[in-house]
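Adding 7 to a residue's 1-based position in the sequence shown gives its number in my numbering.
Idealized CB from N, CA, C, for every residue including glycine.
Remember, predicted model here, so these are calculated numbers, not experimental data.
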Amino acid sequence: MKMFLCLIPWTLLCCCCWITHAEIFSSIGQMTDLLYTEKELVHSLREYIKAEESKLAEVKSWAKKLDDQTKVSTSDPEGFLAHPVNAYKLMKRLNTEWSQLENLVLQNPSDGFISNMTLHRQFFPDKDDETGAAKALMRLQDTYRLDSEVFSKGKLPGMHSNAMLSVDDCFDMGKTAYNDADYYHAVLWLQQSLKQLDAGEEVVVSKADILDYLSYSVYQMGDLSRAVELTRRLVAIDPSHQRAGGNLRYFERLLIKQQNEEEEKKTDQPASEEPIHLGTYNRPLDHLPERDIYEALCRGEGVKMTEARQSRLFCRYQDGRRNPRLLLKPMMEEDEWDSPHIVRYLHALSDYEIKKIKEMAKPRLARATVRDPKTGVLTTANYRVSKSAWLEEEDGPVIARVNQRIQDITGLTVDTAELLQVANYGVGGQYEPHFDFSRRPFDSNLKVDGNRLATFLNYKDEPDAFKRLGTGNRVATFLNYMSDVEAGGATVFPDFGAVIQPKKGTAVFWYNLFKSGEGDYRTRHAACPVLVGSKWVSNKWIHERGQEFRRPCGLTEVD
């Protein structure tokens, strides 16, 4: 059996370690229920079809019998009715049998199906869910630099799937972006829709509609030449289009003005023949200062792991300073990063514990919130897309056992820690770069280098974020990974270029504060969007109160 040796360089680690309804799209765990709901509805639909077919077959039988009867009776009406039995049966048919046929036709086999639909509709996604899922695809497109065709053809990295987007799907994606004044993504998806339509796919949407939205979106991106070319195509298809003619004249005037300003000799410069693709237009800037660094790390680019740093990383047994519960079965600890020190614990959660935690959390999952820096009130935010639930020890012995294990491993009391938070990330689920600790106003007397000073001044203060808890700031974070993720979903630290991949059953731990109580601004981190898979995590935020003798104060601000 391989042995787990102490203080082994990281470079040798591989060979020496013993190995709500609200926004449904934000949780894969809850979305799975929709698949079973849809399966039940399909079964109900098939039962309805059978009932309709049975009804139609019975009506056809009636029609055939009556058709045969009337052919005979109308060939010689008087002779037919001369027979008293025929006269009686005519009275009977018109008085009784046609009434029965009328009742048969009036029967509505759809009642059961409609009733089932009504029952389940309350759990259906709404327009916000559809929009959220569409924006999630765009978020994945941006983060992992994937062209629209990658999604439309089901060519996600490392995954082969028949899940493809039709012309109409791509058009709806483009319209979602368009309606949000996001013309950058509108162009990418409308262009893909047009490309697939031109390739001969069957569609519901018209080419004129695609060109209408696409030409205006391209205009909004500042590409007048292409806007003119697309609008001319629209006019050629639909000369009576209510906007196309006016738009074309307006675009042409602007183009001529632009060309004159650039002192171009030709006023009818042809538009670029190159098709629109990812990179044709610059993506607009947004609120996140380290967007490029963060997304590059999510793609595995720009990781600052050097050979010198690797040589300072080790793996070891951790017995919690000879904690009785860890003496016989110490935790296996691996260094993930040297400074700030981030460690990973192997076998931190068993499969059974993960299963029980998920079972307890799933019914309680609600859209994850963040704390408003001004008010301290929890609220949802677009930069955090997941669903979470809070579990306490009274919910089951597993939670008490996990809390005790965290305390034993870290040596920090969890009596003042927050409840165990369980999170499940849905379509494109992410948590953009953030701090786990609350920031106090910058102290001008604090001695920091230029880079850290810039970091201090870039982010908003929120000194009262945890005031109501009365337990001080978040001194440390203990993050359990409760699932593997096929693609994406890494935890990244943009400040120093670290990438930590989720591994089921492991946990990572780091300090958010220096021993002085000052925040370590290097620990700003993010959960990358989940590209393929379902990501489950649970975390314990450990607070300052009660750690006075467990983690004594340092002599300087950055000890």
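CA-CA distance, residue i and residue j?
{"i": "ILE263", "j": "LYS202", "result": "28 angstroms"}
{"i": "MET171", "j": "LEU153", "result": "15 angstroms"}
{"i": "SER51", "j": "ASP118", "result": "11 angstroms"}
{"i": "TYR223", "j": "GLY253", "result": "12 angstroms"}
{"i": "HIS550", "j": "LEU476", "result": "10 angstroms"}
{"i": "GLU302", "j": "PHE442", "result": "17 angstroms"}
{"i": "LEU126", "j": "GLU209", "result": "34 angstroms"}
{"i": "ALA533", "j": "LEU197", "result": "31 angstroms"}
{"i": "LEU334", "j": "GLY286", "result": "56 angstroms"}
{"i": "VAL66", "j": "LYS72", "result": "10 angstroms"}
{"i": "VAL539", "j": "ASN115", "result": "44 angstroms"}
{"i": "GLY436", "j": "LYS542", "result": "8 angstroms"}
{"i": "VAL225", "j": "ALA472", "result": "43 angstroms"}
{"i": "THR39", "j": "TRP548", "result": "29 angstroms"}
{"i": "GLY526", "j": "PHE131", "result": "43 angstroms"}
{"i": "LYS9", "j": "ALA424", "result": "In this prediction, LYS9 scores a pLDDT of 37, lower than 50, which makes its location untrustworthy; the coordinate-derived value is nonetheless stated afterwards. For LYS9 and ALA424, the distance between alpha carbons rounds to 37 angstroms."}
{"i": "PRO404", "j": "THR417", "result": "20 angstroms"}
{"i": "ILE121", "j": "GLU47", "result": "13 angstroms"}
{"i": "VAL537", "j": "THR563", "result": "40 angstroms"}
{"i": "GLU85", "j": "VAL112", "result": "31 angstroms"}
{"i": "MET228", "j": "THR484", "result": "43 angstroms"}
{"i": "TYR528", "j": "ARG316", "result": "20 angstroms"}
{"i": "ARG53", "j": "LEU42", "result": "17 angstroms"}
{"i": "MET124", "j": "PRO370", "result": "22 angstroms"}
{"i": "PHE158", "j": "ALA64", "result": "44 angstroms"}
{"i": "GLU401", "j": "ASP187", "result": "44 angstroms"}
{"i": "TYR185", "j": "LYS142", "result": "12 angstroms"}
{"i": "SER106", "j": "MET98", "result": "12 angstroms"}
{"i": "VAL434", "j": "ALA251", "result": "37 angstroms"}
{"i": "ASP135", "j": "GLU366", "result": "27 angstroms"}
Name the one or two DSSP bridge partners that residue i has.
{"i": "TYR324", "result": "MET339"}
{"i": "GLN199", "result": "Per DSSP, none; premise fails for GLN199."}
{"i": "ALA396", "result": "VAL429"}
{"i": "LEU486", "result": "VAL515, ASN546"}
{"i": "ALA373", "result": "SER395"}
{"i": "TRP344", "result": "ILE349"}
{"i": "ILE507", "result": "THR498"}
{"i": "ARG481", "result": "HIS550"}
{"i": "LEU88", "result": "DSSP output for LEU88 lists no bridge partner at all."}
{"i": "VAL539", "result": "ALA494"}
{"i": "GLY526", "result": "LEU520"}
Report the CB separation of residue i from residue j in whole angstroms; it is logged as a contact under 8 angstroms.
{"i": "ASP415", "j": "GLY553", "result": "About 15 angstroms; that fails the 8 angstroms criterion."}
{"i": "VAL544", "j": "SER33", "result": "About 14 angstroms separates the two Cβ atoms, so there is no contact after all."}
{"i": "LEU255", "j": "THR238", "result": "4 angstroms"}
{"i": "TYR488", "j": "LYS511", "result": "6 angstroms"}
{"i": "TYR581", "j": "MET339", "result": "Beyond the ends of the chain as shown, which are 8 and 566, falls residue 581; an answer cannot be given."}
{"i": "THR513", "j": "TYR352", "result": "6 angstroms"}
{"i": "SER523", "j": "ASP566", "result": "6 angstroms"}
{"i": "VAL515", "j": "ILE349", "result": "6 angstroms"}
{"i": "VAL310", "j": "GLY36", "result": "Actually they do not touch by this definition, with Cβ atoms about 30 angstroms apart."}
{"i": "TYR288", "j": "VAL194", "result": "7 angstroms"}
{"i": "VAL220", "j": "LYS182", "result": "Checking the displayed sequence, the identity of residue 220 turns out to be Tyr instead of Val. So it is a contact: roughly 7 angstroms between Cβ atoms."}
{"i": "GLU137", "j": "GLN199", "result": "GLU137 to GLN199, Cβ: 18 angstroms. No contact."}
In chain order, what residues of the same chain have a beta carbon less than 6 angstroms from the beta carbon of residue i, not counting five sequence neighbours either side?
{"i": "VAL455", "result": "Summary for VAL455: the model assigns pLDDT 47, below 50, so the residue's position carries little reliability; its value from the coordinates is reported in the next sentence. Result list for VAL455: empty, nothing under 6 angstroms."}
{"i": "LEU108", "result": "TRP69"}
{"i": "PRO501", "result": "GLU297, ILE300, TYR301, PRO440"}
{"i": "GLN508", "result": "ALA497"}
{"i": "ALA58", "result": "PRO116"}
{"i": "GLN428", "result": "SER395, TRP397, ASN546"}
{"i": "GLY479", "result": "HIS550, GLU551, ARG552"}
{"i": "GLU341", "result": "CYS322, ARG351"}
{"i": "LEU356", "result": "ASN487, GLY512"}
Less than 7 angstroms between C-beta atoms, sequence neighbours within five positions excluded: which residues of the same chain meet that for residue i?
{"i": "LYS160", "result": "MET171"}
{"i": "ALA215", "result": "LEU241, ILE244, ASP245, HIS248"}
{"i": "LEU204", "result": "VAL174, VAL210, LYS214, ILE217"}
{"i": "LEU426", "result": "TRP397, LEU398, GLU399"}
{"i": "VAL212", "result": "VAL174, ASP175, PHE178"}
{"i": "PRO337", "result": "TYR324, GLN325, ASP326"}
{"i": "ASP293", "result": "none"}
Skipping 5 residues on each side, what residues in its chain have a beta carbon closer than 8 angstroms to that of residue i?
{"i": "ARG306", "result": "THR150, TYR151, ARG152"}
{"i": "VAL235", "result": "LEU255, PHE258, GLU259, LEU262, ALA278"}
{"i": "ARG557", "result": "GLY418, LEU419, THR420"}
{"i": "LEU295", "result": "TYR301, TYR390, GLU439, PRO440"}
{"i": "PRO559", "result": "LYS522"}
Should residue i be listed as close to the ligand NAP, given that the test is whether its C-beta is under 7 angstroms from any heavy atom?
{"i": "VAL421", "result": "Ligands in the displayed structure: none, and consequently the ligand NAP is not present."}
Subject >> Ordered list of beta strand (DSSP E) runs contained in the segment 164 to 229, each at least 3 residues >> reply: none
Subject >> Length at least 4, wholly inside the segment 75 to 148: the alpha helix (DSSP H) runs in chain order >> reply: 84 to 88, 91 to 99, 105 to 113, 117 to 128
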